[in-house]
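Peer 1: Heads up, the sequence shown is in the numbering used here, so the first residue is 53 and it goes up one at a time. Sending over a structure as structure tokens; questions will come in a sec.
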Amino acid sequence: MIRKYLIAILCVFVCLTAAAQSTNKKRIIDVNVTQIKGQLPKSINLCVGAGRANEGLRADWQRQLKVAHDECGFKYIRFHGLLSDDMGVYFEDKNGKPIYNWQYIDELFDYLRSVDMKPFVEVGFMPGALASGSQTIFWWRGNVTPPKDYQRWNDLIKALVEHWTERYGEKEVASWYFEIWNEPNLKGGFFTGTQQDYFKLYKETATAIKSVSTSYRVGGPATAGNAWIPEMIDFCAQQKVPIDFISTHDYGVKQGFLDATGNTGTVLSQDRYAVADHMRNSKKQILQSTMPNLELHYTEWSASYTPSDPIHDSYHEAAYILNTVKRAAPDVNSMSYWTFTDIFEEAGPRATPFHGGFGLINYEDIKKPAFYAYKYLNELGNTELKCADSSAMICKDGNGGIQALVWNFTIDHPGDSVNNQVFYKRLLPSKALAPVDLKLHGLKPGKYMISIYKTGFHANDPYSAYFEMGSPSQLSIAQVKKLKQLDSDEPIAQSTITVNASGNFEKQLPIRQNDVFLIKITRAN
């Protein structure tokens, strides 16, 4: 009996030792630059989210959007509240006659076009004068009831789409997307009606849009939590309702779908591929349906669905984004990160510079680690190379340059026992891992410039620096300047090398948990 216990203890010891050794085992990324996987998926940065349309009239919002477009490459933007009362779109005179006003919408859309962005039009919410009820959501009171009169609703939608067609041209508007409503499955939240009420709203709205031009793209159901996809397709097929794409949302926390204040508390899922695998499953649902060619757009996604979750500010978020994008991008047509900016007022204006906001950029134009995940993705060449490593993307461009995006994604969150609002609201130094050996073969001989960029703990990591400042409730001009100096994305290393006739290049990277590296290899001259 004693001998059996000793053997069991020895087995446990051997297993633990093996696990420790595997954790510290050197990671080798071995890639031949002549072996092509295919085109880099356009879905990685096709679209990005923003809070509501009226915020898009602000100078700081517009300034930050241009930065996000220029550096991260986003081409479409989606936001709530296009038809809400703060956009001044719909009134009725004393005799009940509708009055349309496109002034604010024109100002916003003209700006989008001036910076080469396109709208991913979310059709909603309900103008107060057209609403069947008074229930609203958020500080800015978006009305979430169906229309009191569908004929007037349809006339409004048709008139607006005709206005866009006249202003921008049919070809341009045909390049947009029209998504009907937002998260109608959250009854009492974003919609007061039933699923059948939403399907009616969808049918009426999609038909009104298509009546202007059959080339205009319509879709839904824009649900929270990957819901209603088979039901939506079945409804459109049976009722012969137009639909060009499926849209839905997903977030990487375990419970709930709506928490504007963050008081409920969120817990990061321990499943590292939770969001990506939900996206892939949604694609399967479409492929197995009667409409297998529908596009799939995730018009919201992030690690957490509340704008009061400090994971959004943390360096962990950059690796979280890349881990999800790598796995899901081939299966979706877009995956719109929610959101590009902390200028986001569902719970009203926020009082602190780092409050767990959704944004890639905070109020003071300070770029978070999440921003750099998208910036680095945007700097990859269009041709993706074959790479067996699940946490790397190796690409090349048309000028003979190679870009290697390498990261570690480690979920160090303890799980259900601690909320994100506690775990990530502090300084969290990362742990060292075994180094990464990047080995490239098939390079053309000659001179190359090597530039290495990094985000992670204390690297393009203003949130950690903010804690080390004492977490001031407001930042002084000097403090903002200091944080931006630490957040400038200057290369951590640069050198010139000569690749000989072997065509080989090797670089070792000292990596820590949740570090992200971009290695740019550019032919000299």
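Backbone N, C-alpha and C define an ideal beta-carbon position, used for all residues, glycine too.
Can you tell me the Cα-Cα spacing of residue 229 and residue 271, whole angstroms?
Peer 2: Position 177 of the sequence shown, counted from the start, is the residue given in the question as residue 229. Position 219 of the sequence shown, counted from the start, is the residue given in the question as residue 271. Near 8 Å, if we compare the C-alpha coordinates of residue 271 and residue 229.
Peer 1: I'd like to check one pair, residue 374 with residue 459: are the Cβ atoms closer than 8 Å?
Peer 2: What you label residue 459 is simply residue 407 of the sequence shown in a count that begins at 1. What you label residue 374 is simply residue 322 of the sequence shown in a count that begins at 1. The Cβ atoms of residue 459 and residue 374 lie closer than 8 Å to each other.
Peer 1: So which of 305, 284, 303 has the shortest CA-CA distance to residue 295?
Peer 2: What you label residue 295 is simply residue 243 of the sequence shown in a count that begins at 1. The shortest Cα separation from residue 295 among 305, 284, 303 belongs to 284.
Peer 1: What residue range does the alpha helix (DSSP H) around residue 150 cover?
Peer 2: As a first step, residue 150 is located in the sequence shown; it is residue number 98 there, counting from the start. Residue 150 -> not in any alpha helix (DSSP H); beta strand (DSSP E) instead, spanning 150–152.
Peer 1: Would you call residue 359 buried or exposed, if buried means 16 or more other Cβ atoms sit within 10 Å of its Cβ?
Peer 2: Walking along the sequence shown from the start, residue 359 turns up at place 307. Its Cβ being crowded by 16 or more others within 10 Å, residue 359 is buried.
Peer 1: Quick one: measure Cβ to Cβ for residue 421 and residue 513, integer angstroms, because I've assumed they're closer than 8 Å.
Peer 2: Residue mapping note: residue 421 aligns to position 369 of the sequence shown, counting from 1. Residue mapping note: residue 513 aligns to position 461 of the sequence shown, counting from 1. Between residue 513 and residue 421 the Cβ distance is about 6 Å, and since that is below 8 Å, they are a contact.
Peer 1: Mark residue 233 as exposed unless 16 or more other C-beta atoms lie within 10 angstroms of its C-beta, in which case mark it buried.
Peer 2: In the sequence shown, residue 233 corresponds to position 181, counting from 1. Flag for residue 233 reads buried.
Peer 1: Would you kindly work out how many angstroms separate the C-alpha atoms of residue 564 and residue 511, rounded to a whole number?
Peer 2: Your numbering for residue 564 matches position 512 in the sequence shown. Your numbering for residue 511 matches position 459 in the sequence shown. Whole-angstrom Cα-Cα distance: 11 Å.
Peer 1: Do you know offhand how far residue 110's Cα is from residue 165's?
Peer 2: Indexing the sequence shown from 1 puts residue 110 at position 58. Indexing the sequence shown from 1 puts residue 165 at position 113. Here the C-alpha atom of residue 110 lies approximately 16 Å from the C-alpha atom of residue 165.
Peer 1: Helix, strand or coil for residue 459, going by three-state DSSP, please let me know.
Peer 2: Locating residue 459 in the sequence shown gives position 407, where the first residue counts as 1. If DSSP states are grouped into helix, strand and coil, residue 459 belongs with the strands.
Peer 1: Taking residue 594 as part of the beta strand (DSSP E), name the residues at either end of that continuous run.
Peer 2: What the structure shows of the chain is the stretch from 53 to 577, and residue 594 is not part of that stretch, so it cannot be assessed.
Peer 1: To the nearest angstrom, report how far apart residue 400 and residue 192 are at their CA atoms.
Peer 2: In the sequence shown, counting from the first residue as 1, residue 400 sits at position 348. In the sequence shown, counting from the first residue as 1, residue 192 sits at position 140. Each residue's alpha carbon lies about 7 Å from the other.
Peer 1: Can you round the beta-carbon distance between residue 350 and residue 388 to whole angstroms, since I take them to be within the 8 Å contact cut?
Peer 2: In the sequence shown, counting from the first residue as 1, residue 350 sits at position 298. In the sequence shown, counting from the first residue as 1, residue 388 sits at position 336. Contact holds; Cβ gap of about 6 Å.
Peer 1: Mind reading off the beta-carbon distance from residue 394 to residue 413? Whole number of angstroms is fine, and I expect it under 8 Å.
Peer 2: Taking the first residue of the sequence shown as 1, we reach residue 394 at position 342. Taking the first residue of the sequence shown as 1, we reach residue 413 at position 361. Correct: roughly 7 Å between the Cβ atoms.
Peer 1: DSSP three-state label for residue 565, please.
Peer 2: Locating residue 565 in the sequence shown gives position 513, counting from the first residue. DSSP places residue 565 in coil when its eight states are reduced to three.
Peer 1: Out of 500, 355, 258, point me to the one whose CA is closest to residue 210's CA.
Peer 2: For the purposes of this step, residue 210 is taken as the residue at position 158 of the sequence shown. Nearest option by C-alpha distance: 258.
Peer 1: In three-state terms, what does DSSP make of residue 51?
Peer 2: Absent from the model: residue 51. The displayed extent of the chain is 53 to 577, so no value can be given.
Peer 1: Helix, strand or coil for residue 53 per DSSP?
Peer 2: The residue labelled residue 53 in the question sits at position 1 within the sequence shown. With a pLDDT of 40 at residue 53, under the threshold of 50, the predicted position of this residue should be treated as unreliable, though the coordinate-derived value follows. Residue 53 falls in the coil class under three-state DSSP.
Peer 1: Starting from residue 388, trace the beta strand (DSSP E) both ways and give me its first and last residue.
Peer 2: Here residue 388 is taken as the residue at index 336 of the sequence shown, counted from 1. It spans 386–389 - the beta strand (DSSP E) in which residue 388 sits, taken as one unbroken run.
Peer 1: What is the residue span of the beta strand (DSSP E) that residue 353 lies within?
Peer 2: Indexing the sequence shown from 1 puts residue 353 at position 301. First-last of the beta strand (DSSP E) with residue 353: 347–354.
Peer 1: What does residue 503 pair with, by DSSP beta-bridge criteria?
Peer 2: Along the sequence shown, one-based indexing puts residue 503 at 451. Partner(s): 546, 572.
Peer 1: Who are the Cβ neighbours of residue 569 in its own chain at under 6 Å, not counting the five residues just before and after it?
Peer 2: Stepping through the sequence shown from its first residue, residue 569 is reached at position 517. Closer than 6 Å at Cβ, skipping near neighbours: 458, 506, 561.
Peer 1: Residues in its own chain within less than 6 Å of residue 347 by CB, not counting five upstream and five downstream?
Peer 2: As a working mapping, residue 347 is identified with position 295 in the sequence shown. Around residue 347: 297, 385.
Peer 1: Do residue 282 and residue 341 have their beta-carbon atoms positioned less than 8 Å apart in this structure?
Peer 2: Taking the sequence shown and counting its residues from 1, the one referred to as residue 341 is at position 289. Taking the sequence shown and counting its residues from 1, the one referred to as residue 282 is at position 230. Taking 8 Å as the Cβ cut-off, residue 341 and residue 282 qualify as a contacting pair.
Peer 1: Note down the Cα distance separating residue 558 from residue 370, rounded to an integer number of angstroms.
Peer 2: Here the question's residue 558 lines up with position 506 in the sequence shown. Here the question's residue 370 lines up with position 318 in the sequence shown. Cα to Cα, the separation comes out at about 25 Å.
Peer 1: From the DSSP output, in three-state form, read off residue 560 for me.
Peer 2: Stepping through the sequence shown from its first residue, residue 560 is reached at position 508. Strand at residue 560.
Peer 1: For residue 530 and residue 175, what's the separation of their Cα atoms in angstroms?
Peer 2: For the purposes of this step, residue 530 is identified with residue 478 of the sequence shown, where counting begins at 1. For the purposes of this step, residue 175 is identified with residue 123 of the sequence shown, where counting begins at 1. Looking at the two C-alpha atoms, the distance is approximately 42 Å.
Peer 1: Whole angstroms are fine: how far does the CA of residue 300 sit from the CA of residue 169?
Peer 2: By one-based count along the sequence shown, residue 169 stands at place 117. By one-based count along the sequence shown, residue 300 stands at place 248. Approximately 22 Å, taken between the alpha carbons.
Peer 1: Are there 16 or more other CB atoms within 10 angstroms of the CB of residue 548, so buried, or fewer, so exposed?
Peer 2: The residue given as residue 548 occupies position 496 in the sequence shown. The residue in question, residue 548, is exposed, as its Cβ has fewer than 16 Cβ neighbours within 10 Å.
Peer 1: Which of the three DSSP states, helix, strand or coil, is assigned to residue 171?
Peer 2: By 1-based counting over the sequence shown, the position of residue 171 is 119. DSSP places residue 171 in strand when its eight states are reduced to three.
Peer 1: Return the chain-ordered list of same chain residues with a C-beta closer than 6 Å to the C-beta of residue 265, the five sequence neighbours on each side being excluded.
Peer 2: Mapped onto the sequence shown, residue 265 falls at position 213. A distance below 6 Å between beta-carbons, with the five flanking residues on each side excluded, links residue 265 to the following residues of its chain, in chain order: 222.
Peer 1: Kindly give me the distance between the Cβ atoms of residue 123 and residue 552, rounded to whole angstroms, as I take these residues to be in contact under 8 Å.
Peer 2: By one-based count along the sequence shown, residue 123 stands at place 71. By one-based count along the sequence shown, residue 552 stands at place 500. The pair is not a contact, with the Cβ atoms about 35 Å apart (cut-off 8 Å).
Peer 1: According to the neighbour-count rule (16 or more other Cβ atoms, all chains shown, within 10 Å of its Cβ), is residue 152 buried or exposed?
Peer 2: Translated into positions along the sequence shown, residue 152 becomes position 100. When all chains shown are included, residue 152 counts as exposed.
Peer 1: Kindly indicate the opening and closing residues of the alpha helix (DSSP H) around residue 248.
Peer 2: Position 196 of the sequence shown holds residue 248. For residue 248, the enclosing alpha helix (DSSP H) begins and ends at 247–264.
Peer 1: If we count the other Cβ atoms within 10 Å of its Cβ and call it buried at 16 or more, is residue 577 buried or exposed?
Peer 2: As a position in the sequence shown, residue 577 is number 525, starting the count at 1. Per the 10 Å Cβ criterion, exposed.
Peer 1: Look at the Cβ atom of residue 88, then the Cβ atom of residue 491, and state whether they are nearer than 8 Å.
Peer 2: Your numbering for residue 88 matches position 36 in the sequence shown. Your numbering for residue 491 matches position 439 in the sequence shown. Judged by beta-carbon spacing, residue 491 lies beyond the 8 Å limit of residue 88, meaning their Cβ atoms are not closer than that value.
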